[in-house]
Amino acid sequence: LLKKLLHLPHTRINCVTIIGKQLWRLHCFQVHCGRYVHGHAVAHHLAEPTHAMSLSLADLSVWCYPCEAYVHNEVLIPAKSAAHLSKFGETSLQ
1 LLKKLLHLPH TRINCVTIIG KQLWRLHCFQ VHCGRYVHGH AVAHHLAEPT
51 HAMSLSLADL SVWCYPCEAY VHNEVLIPAK SAAHLSKFGE TSLQ
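full-length UniProt numbering puts the first residue of the sequence shown at 1, with every later residue one more than the last.
Take a look at the structure:
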């Protein structure tokens, strides 16, 4: 799954209502709400099973839906750096 990630563009909001945790899909770059709000990120994964990972814009963690676990891998550094830049206006993770 990690090998299929593309270079990330700027985030774009796709959920009609983003309340709470925002999850940036690492394959299609859509932003959806989490399972405890309206569950749009989970619904998107069920509709598009290859869109398996989301990056939390709150804490920059990456969740893998098929694994049911958080993922930590150096392949994710560009995605996390892009999200960090978008969130804080800085290029480096602290």
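Glycine residues also receive a C-beta, built at the ideal position from the N, C-alpha and C atoms.
In this text the structure is predicted, and so the values were computed from the model without any measurement.
Kindly identify the DSSP beta-bridge partner or partners of residue i.
{"i": "Ala-69", "result": "Cys-64"}
{"i": "Leu-23", "result": "His-32, Ser-56"}
Beta carbon of residue i, beta carbon of residue j: below 9 angstroms?
{"i": "Met-53", "j": "His-27", "result": "yes"}
{"i": "Leu-57", "j": "Val-75", "result": "no"}
Give the range of the alpha helix (DSSP H) segment to which residue i is assigned.
{"i": "Leu-85", "result": "77-88"}
{"i": "Val-37", "result": "Where Val-37 is concerned, there is no enclosing alpha helix (DSSP H), given that its DSSP letter is neither H nor E."}
Rounding to the nearest angstrom, what Cα-Cα distance links residue i and residue j in this structure?
{"i": "residue 163", "j": "His-51", "result": "Given a span of 1 to 94 for the chain in the structure shown, any question on residue 163 remains unanswerable."}
{"i": "Arg-25", "j": "Ala-47", "result": "13 angstroms"}
{"i": "Leu-55", "j": "Ala-79", "result": "8 angstroms"}
{"i": "Phe-88", "j": "Phe-29", "result": "19 angstroms"}
{"i": "Arg-35", "j": "Ser-81", "result": "24 angstroms"}
{"i": "Trp-63", "j": "Ile-77", "result": "14 angstroms"}
TODO: Could you say if the stretch 67-85 and the stretch 40-49 meet the contact criterion of at least three C-beta pairs nearer than 8 angstroms?
DONE: Taking 8 angstroms as the limit for Cβ pairs, the verdict is that the stretch 40-49 does not touch the stretch 67-85.
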